[in-house]
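What follows is a single structure, written as structure tokens, with notes after it.
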Amino acid sequence: MAPSISGQTKSSRTTDRLLSDLASYADALFHGAIYEQYAAICYRRNRELGTADVLVVTSRESGRWVVPKGWPIKGKKPYEVAAIEAFEEAGVSGKIKKKPFGYFTYLKQLAEGNRVPCIVQLHLLEVDKTYENFPERGQRRSEWVSFTEAASRVREPELKGLLLAAERKLRRSKGKK
Numbered sequence: 577m578a579p580s581i582s583g584q585t586k587s588s589r590t591t592d593r594l595l596s597d598l599a600s601y602a603d604a605l606f607h608g609a610i611y612e613q614y615a616a617i618c619y620r621r622n623r624e625l626g627t628a629d630v631l632v633v634t635s636r637e638s639g640r641w642v643v644p645k646g647w648p649i650k651g652k653k654p655y656e657v658a659a660i661e662a663f664e665e666a667g668v669s670g671k672i673k674k675k676p677f678g679y680f681t682y683l684k685q686l687a688e689g690n691r692v693p694c695i696v697q698l699h700l701l702e703v704d705k706t707y708e709n710f711p712e713r714g715q716r717r718s719e720w721v722s723f724t725e726a727a728s729r730v731r732e733p734e735l736k737g738l739l740l741a742a743e744r745k746l747r748r749s750k751g752k753k
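Numbered by my numbering, the letters in the sequence shown go through residues 577 to 753 in order.
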């Protein structure tokens with residue numbers, strides 16, 4: 577038996593609304609231009625506790641929680657762009673995986689007000705350095721949180737799942753370096 581609307585959590589209702597919103601752009605997804613972006617799941621390990629934290633940042637426009645991401649840069653590979661965005665948006669650097677960890681879709685609100693479908697290629701970045709000064713300092717908030725907390729903060733359902741999958745992957749490889 578399906579849960580009643582009154583029994584749904586706020587998070588579940590938000591996910592349903594976002595999926596419905598994305599579905600309303602199905603024609604554009606299948607027949608129109610799809611925009612690509614590249615992103616980093618920036619994490620740091622606590623080897624003593626056997627845990628890891630992930631870095632989330634706020635978007636400049638809406639203030640919603642996201643992972644650092646950006647548009648392609650001519651002459652740069654996707655993982656290089658993801659690393660650049662991590663530095664520019666969050667002031668972190670480290671070892672980035674060249675192979676994509678996953679992909680998620682969302683609707684990007686452009687400056688003119690148009691909404692366009694974007695597919696985002698995610699790369700894992702193990703942070704080994706943080707910087708006091710970086711290009712978007714003061715334009716965003718950033719916080720180190722648990723992967724579960726990060727998944728509860730981001731809006732995109734696919735990104736929620738990828739954050740939790742990243743935590744499971746890191747837990748399995750906690751002793752490996």
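Think of the CB as a built atom: it goes at the ideal place given N, C-alpha and C, for glycine as much as any other residue.
Quick caveat: nothing in here was measured; it's all calculated off a predicted structure.
Inter-residue Cα distance where the pair is residue i and residue j
i	j	result
R767	Y679	Lying before the first or after the last residue shown, residue 767 is absent from the chain, which here runs from 577 to 753.
A628	Q685	31 Å
Y614	I660	10 Å
Y707	L631	14 Å
P676	E688	31 Å
R729	S722	11 Å
S718	G651	28 Å
K674	V696	15 Å
K745	V642	20 Å
C694	F710	26 Å
Cβ neighbour criterion (16 or more within 10 Å) applied to residue i
i	result
K653	exposed
L739	buried
V639	Contrary to the premise, residue 639 reads as Gly rather than Val in this sequence. Exposed, since its Cβ has fewer than 16 Cβ neighbours within 10 Å.
I672	buried
A609	exposed
E624	exposed
Other residues of its chain near residue i: CB distance less than 7 Å, five sequence neighbours each side excluded
i	result
E665	V633, P644, E712 and R716
R636	Q715 and R716
V657	Y614, G646, P648 and I649
Cβ shell of residue i (< 6 Å), same chain only, five flanking positions each side left out
i	result
I581	Confidence is the limiting factor: at I581 the pLDDT is only 44, short of 50, which leaves the residue's position unreliable, though a coordinate-based value still follows. Closer than 6 Å at Cβ, skipping near neighbours: no residue.
A662	A616, C618, P644, V668 and L701
W720	D629 and L631
A727	K736, L739 and L740
E732	F680 and Y682
Y655	I672, K674 and H699
M577	Since pLDDT at M577 reaches only 45, below the 50 mark, its modelled position is unreliable, and the value read off the structure follows with that caveat. Contacts found: none.
8 Å Cβ cutoff met for residue i and residue j
i	j	result
T681	E734	yes
A703	G737	Note that residue 703 is Val in the sequence shown, not Ala. Taking 8 Å as the Cβ cut-off, V703 and G737 do not qualify as a contacting pair.
L683	R691	yes
Neighbourhood of residue i by C-beta distance below 8 Å, restricted to the same chain and skipping five residues each side
i	result
T724	L740 and E743
K705	V668, S669 and G670
query = Which whole runs of the alpha helix (DSSP H) in the segment 600-684 are 4 residues long or more, in chain order?
reply = Whole alpha helix (DSSP H) segments, 4+ residues: 602-607 and 654-666.
Any alpha helix (DSSP H) of 4 or more consecutive residues that is wholly inside the segment 718-751:
723-729 and 733-748
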